[in-house]
Amino acid sequence: SQQGEEDPQALSIQEGENATMNCSYKTSINNLQWYRQNSGRGLVHLILIRSNEREKHSGRLRVTLDTSKKSSSLLITASRAADTASYFCATLSESGAGSYQLTFGKGTKLSVIP
Amino acid sequence: NAGVMQNPRHLVRRRGQEARLRCSPMKGHSHVYWYRQLPEEGLKFMVYLQKENIIDESGMPKERFSAEFPKEGPSILRIQQVVRGDSAAYFCASSRDSLINSGNTIYFGEGSWLTVV
Numbered sequence: 014s015q016q017g018e019e020d021p022q023a024l025s026i027q028e029g030e031n032a033t034m035n036c037s038y039k040t041s042i043n044n045l046q047w048y049r050q051n052s053g054r055g056l057v058h059l060i061l062i063r064s065n066e067r068e069k070h071s072g073r074l075r076v077t078l079d080t081s082k083k084s085s086s087l088l089i090t091a092s093r094a095a096d097t098a099s100y101f102c103a104t105l106s107e108s109g110a111g112s113y114q115l116t117f118g119k120g121t122k123l124s125v126i127p
Numbered sequence: 243n244a245g246v247m248q249n250p251r252h253l254v255r256r257r258g259q260e261a262r263l264r265c266s267p268m269k270g271h272s273h274v275y276w277y278r279q280l281p282e283e284g285l286k287f288m289v290y291l292q293k294e295n296i297i298d299e300s301g302m303p304k305e306r307f308s309a310e311f312p313k314e315g316p317s318i319l320r321i322q323q324v325v326r327g328d329s330a331a332y333f334c335a336s337s338r339d340s341l342i343n344s345g346n347t348i349y350f351g352e353g354s355w356l357t358v359v
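Top to bottom, those sequences are chains P and A. Everything in the first sequence is counted per my numbering, starting at 14 for the first residue and increasing by one. Everything in the second sequence is counted per my numbering, starting at 243 for the first residue and increasing by one.
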C-alpha cells in the first residue's frame, strides 16, 4: 500500500523563492528520507530524519518531522533553476517479511522558473 | 568507485517476450533492492535480495516475475511473457548493510526503461 503521500503534486515557483513540500504517512516508521529525481534519471538521496528527531538541516534543505501527525515537510530555501526535479519522501518501516522496507510516495514535481 | 550500474538503460520488447534487467551493486554492497516506477508515480518496492538469497519479495507479482542475486555476477530481474502493463522504469538500489543499519547509505542506479509494444 502507498505509504508516503506528498503534496502538492506539482509546484511552480520563481528562482529565489522558498519551496515547501509535505509528506504524510500511515504506519509507524524508523526514519523518513527525501529523495530527488531529475527527469529520466535515478534517485538521489537528500536527507534522512530519524523518528526521534524533529528537525534537520543540510545546506539549503530543512526537514521537519511530526510523528504525532505522521507528516514531514521539506523546505528548499533560495531556490535555483537547477532545483527543478521531482521530490519524493520515503519511509523506512518494518515489513511483514521481517525486514525493513523503504516505501515511496508519488512525489512533488517542482519547477523553478529563472 | 562506480555507482550502481544498470543495463540495459532502455529495452523494447514485444508482448510475450522475456525481459532481463541487470544490476551491478556498488563495490562492497551485498544488499540489492528492485523498485518499479510507473509514469508520474513514485517507486514501488518489488524485491530485496542479499547474495544468493531472496529476503523479501512481498512486492513482486506472483507470476512472470523473478529475481536472483548469484554469488558471482549481477542481480537479474526477469520478466517472462511481458504485457503492456509491464512498461515502466525499473530501478535497482544497493546498500552495504541492511536498511535498518545503513541509514542513508542506499544508492540507486539510473534505471532501466522497459517498453512493451
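Just so you know, even glycine gets a beta-carbon here, dropped at the ideal spot from N, CA and C. These numbers come from a predicted model, not from an experiment.
Neighbour-count burial assignment, residue i, 16 or more Cβ in a 10 Å radius
{"i": "isoleucine 348 (chain A)", "result": "buried"}
{"i": "valine 125 (chain P)", "result": "buried"}
{"i": "glutamine 27 (chain P)", "result": "exposed"}
{"i": "glycine 111 (chain P)", "result": "exposed"}
{"i": "glutamine 22 (chain P)", "result": "exposed"}
Any chain P beta carbon closer than 9 angstroms to residue i
{"i": "glycine 284 (chain A)", "result": "yes"}
{"i": "serine 300 (chain A)", "result": "yes"}
{"i": "tryptophan 355 (chain A)", "result": "yes"}
{"i": "glycine 327 (chain A)", "result": "no"}
{"i": "serine 340 (chain A)", "result": "yes"}
{"i": "glutamate 310 (chain A)", "result": "no"}
{"i": "alanine 330 (chain A)", "result": "no"}
{"i": "valine 321 (chain A)", "result": "The amino acid at residue 321 (chain A) is misidentified as valine; the sequence shows isoleucine. No, because no Cβ of chain P sits closer than 9 angstroms to the Cβ of isoleucine 321 (chain A)."}
{"i": "glutamate 240 (chain A)", "result": "Any answer about residue 240 (chain A) is impossible in this case: the structure gives chain A only from 243 up to 359."}
{"i": "alanine 335 (chain A)", "result": "yes"}
Proximity winner among the options, relative to residue i (alpha-carbon distances)
{"i": "glycine 301 (chain A)", "options": "A:Arg251, A:Gln279, A:Phe350, A:Asp339", "result": "A:Gln279"}
{"i": "glutamate 294 (chain A)", "options": "A:Phe307, A:Pro312, A:Val358, A:Glu282", "result": "A:Pro312"}
{"i": "serine 64 (chain P)", "options": "P:Val125, P:Gly72, P:Val76, P:Arg54", "result": "P:Val76"}
{"i": "valine 57 (chain P)", "options": "A:Gly258, A:Gln323, A:Phe333, A:Arg255", "result": "A:Phe333"}
{"i": "glutamine 259 (chain A)", "options": "A:Ser354, A:Glu352, A:Arg320", "result": "A:Arg320"}
{"i": "glutamate 18 (chain P)", "options": "P:Ser108, P:Gln46, P:Thr90", "result": "P:Gln46"}
{"i": "proline 240 (chain A)", "options": "A:Gly351, A:Ser329, A:Gln323", "result": "With chain A covering only 243 through 359, there is no way to say anything about residue 240 (chain A)."}
{"i": "histidine 70 (chain P)", "options": "P:Leu88, P:Asn35, P:Ser25, P:Leu115", "result": "P:Leu88"}
{"i": "isoleucine 342 (chain A)", "options": "A:Trp355, A:Arg306, A:His273", "result": "A:His273"}
{"i": "alanine 32 (chain P)", "options": "P:Arg73, P:Thr90, P:Asp79", "result": "P:Thr90"}
{"i": "glutamine 248 (chain A)", "options": "A:Val359, A:Gln322, A:Gly315, A:Val358", "result": "A:Gly315"}
{"i": "glutamine 66 (chain P)", "options": "P:Leu59, P:Arg73, P:Ser85", "result": "In the sequence under discussion, the amino acid at residue 66 (chain P) is glutamate, which differs from the glutamine named in the question. Answer by Cα proximity: P:Ser85."}
{"i": "valine 324 (chain A)", "options": "A:Lys304, A:Pro250, A:Val359", "result": "A:Val359"}
{"i": "threonine 116 (chain P)", "options": "P:Ile60, P:Cys102, P:Gly55", "result": "P:Cys102"}
Strand pairing of residue i, partner residues [DSSP]
{"i": "phenylalanine 287 (chain A)", "result": "A:Tyr277"}
{"i": "tyrosine 332 (chain A)", "result": "A:Arg278, A:Ser354"}
{"i": "tyrosine 38 (chain P)", "result": "Its beta-bridge partners do not exist; DSSP assigns none."}
{"i": "valine 254 (chain A)", "result": "A:Thr357"}
{"i": "leucine 59 (chain P)", "result": "Note: leucine 59 (chain P) sits in no beta bridge, so no partner."}
Close Cβ partners of residue i (< 6 angstroms) along its chain, the five nearest in sequence each way excluded
{"i": "isoleucine 296 (chain A)", "result": "none"}
{"i": "tryptophan 355 (chain A)", "result": "His252, Ala331"}
Minimum Cβ-Cβ distance from residue i to chain A less than 9 angstroms
{"i": "arginine 54 (chain P)", "result": "yes"}
{"i": "arginine 72 (chain P)", "result": "According to the sequence as given, residue 72 (chain P) is glycine; it is not arginine. Judged by the 9 angstroms Cβ criterion, glycine 72 (chain P) is not in contact with chain A."}
{"i": "serine 108 (chain P)", "result": "yes"}
{"i": "threonine 116 (chain P)", "result": "yes"}
{"i": "asparagine 43 (chain P)", "result": "yes"}
{"i": "serine 124 (chain P)", "result": "no"}
{"i": "serine 84 (chain P)", "result": "no"}
{"i": "valine 76 (chain P)", "result": "no"}
Close beta carbons around residue i, own chain, < 7 angstroms, minus the five adjacent residues each side
{"i": "threonine 97 (chain P)", "result": "Leu123, Ser124, Val125"}
{"i": "arginine 93 (chain P)", "result": "Glu28, Val125"}
{"i": "serine 41 (chain P)", "result": "Ser106"}
{"i": "histidine 271 (chain A)", "result": "Ser336, Ser337, Arg338"}
{"i": "phenylalanine 350 (chain A)", "result": "Val246, Phe333, Ala335"}
Neighbourhood of residue i by C-beta, 8 angstroms cutoff - its chain only, sequence neighbours within 5 removed
{"i": "alanine 309 (chain A)", "result": "Trp276, Met288, Val289, Leu291, Ile296, Glu299, Met302, Ser317, Ile318, Leu319, Arg320"}
{"i": "serine 52 (chain P)", "result": "Ala98, Ser99"}
{"i": "tyrosine 113 (chain P)", "result": "Asn43, Leu105, Ser106, Glu107"}
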